[in-house]
Each structure stands twice: as structure tokens, then as C-alpha cells.
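Asker: Position in the sequence shown counted from 1, then plus 382, gives you my numbering.
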Amino acid sequence: MKSLERAPVGSRRMVAAVLAATAALGGAAATAAASPSDAGHGIRTGVIAALPGTDHDDNDDDAALIKNAEVDIKQAAGTAEKSVAGTVTAADLDGSKDKPVWKIDVTDSHGTEHEVTVDATDGKVTATRTDKDRSPDDRSADAALAKSARTDLAKAVDAALAEVDGTATSADLENDHGTTPAWHIDVTNPKDKNGNHEVTVDATTGKVTATGIDEDSDRGQNGQGLSAGAVG
Numbered sequence: 383m384k385s386l387e388r389a390p391v392g393s394r395r396m397v398a399a400v401l402a403a404t405a406a407l408g409g410a411a412a413t414a415a416a417s418p419s420d421a422g423h424g425i426r427t428g429v430i431a432a433l434p435g436t437d438h439d440d441n442d443d444d445a446a447l448i449k450n451a452e453v454d455i456k457q458a459a460g461t462a463e464k465s466v467a468g469t470v471t472a473a474d475l476d477g478s479k480d481k482p483v484w485k486i487d488v489t490d491s492h493g494t495e496h497e498v499t500v501d502a503t504d505g506k507v508t509a510t511r512t513d514k515d516r517s518p519d520d521r522s523a524d525a526a527l528a529k530s531a532r533t534d535l536a537k538a539v540d541a542a543l544a545e546v547d548g549t550a551t552s553a554d555l556e557n558d559h560g561t562t563p564a565w566h567i568d569v570t571n572p573k574d575k576n577g578n579h580e581v582t583v584d585a586t587t588g589k590v591t592a593t594g595i596d597e598d599s600d601r602g603q604n605g606q607g608l609s610a611g612a613v614g
């Protein structure tokens, strides 16, 4: 999610952790293992093997947030769009386990990003911030991306959850390979031994094109490690 001040989520978070762990190991390459495409769906799946020595507890954090969140990602996105005119381009379950909130990015027709905070317990908007520092080129690109997405967040989440059982905890609309608009949906299921999943949904067709796994550190080697989904 392109938050105004927060760190990125989803695949970018996983890749950053992998790169950091690799550098700490003196440049040792992570072992990648990709499975064949699903013949029924044409979906690519994959896993990057756990890297020892890393510390990653996002799955536990997400589970705690989910437990107390009464409002789901689609409801929060709908509330944000009613508060600020525009298109939802990102959403992230944030806050603390006692006070979970949704951070929703809404891009207006001029490409200006507005971050709307929605209380995940009662669904009320608690704050709105506007990013006024982006360049005209960036705003133009953001407006074009929002306009190009024929599949909105709600439909993308439905497609992701039809593929992977769990709760959607974040969503990002991005230009994959610089040309194709796609949603990247993080799905968490505390009961799933594989950990967190990232599902890629084509924002033009609304179809799932790839899935990946971001395993909790407790499920790595000797209780440590990170596994990131190879969805590219």
C-alpha cells in the first residue's frame, strides 16, 4: 500500500526482507522452488525457501488484528470512498491488536492520494490525510492507474478469497511490469500451516493470475526464517 508514511506491504515487504537476509548472509542466494502452473486456472504458484537468522512475525500480528476487527476490508473501502470521492487503490489492516484500524488510500480524479483511517471495530472514519507533495507526473500516473482498473477492490478480494481461504488483510493496486494493472491481495488464515498468502488478481479481467506464500517465522527452520511467494 502506498501509505503516506508507513512502510510498504505485501510483496514489496517480503522481497525487502529476503534481500536483507541475503545480504546478512554474505550474499548467499535464496533457494527458489516454483511449482508448475495450475492447469485449471493458469495460476503460477511458488515459494522461496526459508532463510535462517531472520525474524518475521507478521502472521501472528495479523492474526491478533483480525481477531478484534469487526469491519472487513471491503466494508472499510466502501466507507472510505463515501468519505472521499475517488477510487480505492490500497488498503491495509494496521494499528494495535486492541485498536485495529484500516488505512485506505483513495486516489481522486486528479491523482491526489487521500489516506482514510477507518476504525476496524465500528467502521467509523477517524482521520483523513492528503498527500500534497507528489509531483504532477506522479499524480497523472496514479490517476491513470486508478482509471485503468476495471476490477475494483471488492471484486478483487472476492476473487482472491475464492482461491485462498482466509481474511484479506491488505490490497494494493499496482502496474505489474509497468503496463498491466493488478491487485496484490494479502490473505491471512491463522489455521493455515503455510502462513500468509499473496494473491495477484488481474485488474482488467478480474482473474487470479498468481499466488505466493509468506510463511510465519515460527514455521521456518528451527523456528526462524522467512518464505516469500514467487508470483512473478
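In this text, a Cβ means the ideal position worked out from N, Cα and C, and glycines have one as well.
Less than 8 Å separating the beta-carbons of A585 and A564?
Answerer: For the purposes of this step, residue 585 is taken as residue 203 along the sequence shown, with counting starting at 1. For the purposes of this step, residue 564 is taken as residue 182 along the sequence shown, with counting starting at 1. For A585 and A564, yes; Cβs fall inside 8 Å.
Asker: Where does A477 sit, in a helix, a strand or coil, going by DSSP?
Answerer: Here residue 477 is taken as the residue at index 95 of the sequence shown, counted from 1. The sequence shown places Gly at residue 477, rather than the Ala named in the question. Correct three-state label for G477: strand.
Asker: What is the C-beta distance between T510 and H492, in whole angstroms, given that I count them as a contact (C-beta under 8 Å)?
Answerer: To locate residue 510, count along the sequence shown from 1; it is residue 128. To locate residue 492, count along the sequence shown from 1; it is residue 110. Actually they are not in contact, since the Cβ atoms of T510 and H492 sit about 16 Å apart, beyond 8 Å.
Asker: Assign K485 to buried or exposed, taking buried as 16 or more other Cβ atoms, counted over all protein chains shown, within 10 Å of its Cβ.
Answerer: Locating residue 485 in the sequence shown gives position 103, counting from the first residue. Buried, since its Cβ has 16 or more Cβ neighbours within 10 Å.
Asker: For T469, which residues in the same chain have their Cβ closer than 6 Å to its Cβ, ignoring the five residues on either side in sequence?
Answerer: Working through the sequence shown from its first residue, we reach residue 469 at position 87. Answer for T469: T489 and A528, listed in chain order.
Asker: Is DSSP giving A542 helix, strand or coil here?
Answerer: Walking along the sequence shown from the start, residue 542 turns up at place 160. DSSP places A542 in helix when its eight states are reduced to three.
Asker: Could you pull the start and end residues of the alpha helix (DSSP H) that E463 belongs to?
Answerer: Translated into the one-based positions of the sequence shown, residue 463 becomes position 81. Unbroken alpha helix (DSSP H) run through E463: I455 to S465.
Asker: Do you know offhand how far T593's Cα is from A502's?
Answerer: Here residue 593 refers to the residue found at position 211 when the sequence shown is read from its first residue. Here residue 502 refers to the residue found at position 120 when the sequence shown is read from its first residue. Rounded to the nearest angstrom, the two C-alpha atoms are 26 Å apart.
Asker: Going by Cα to Cα distance, which pick from E463, V581 and A446 is closest to L543?
Answerer: As a working note, residue 543 is residue 161 in the sequence shown. Comparing Cα positions, the closest option is V581.
Asker: At what residues does the beta strand (DSSP E) containing A550 begin and finish?
Answerer: The residue given as residue 550 occupies position 168 in the sequence shown. From DSSP, the beta strand (DSSP E) with A550 extends over T549 to D558.
Asker: Taking DSSP as the reference, what is the three-state secondary structure of N578?
Answerer: Position 196 of the sequence shown, counting from 1, holds the residue named residue 578. Correct three-state label for N578: strand.
Asker: Thinking just about the alpha-carbon of each residue, which of A523, N450, V466 and A458 is nearest to the one in A536?
Answerer: To locate residue 536, count along the sequence shown from 1; it is residue 154. Among A523, N450, V466 and A458, the Cα nearest to that of A536 is on A458.
Asker: Please confirm whether T461 and G505 have their CB atoms less than 8 Å apart.
Answerer: Position 79 of the sequence shown, counting from 1, holds the residue named residue 461. Position 123 of the sequence shown, counting from 1, holds the residue named residue 505. Yes, they are a contact pair.
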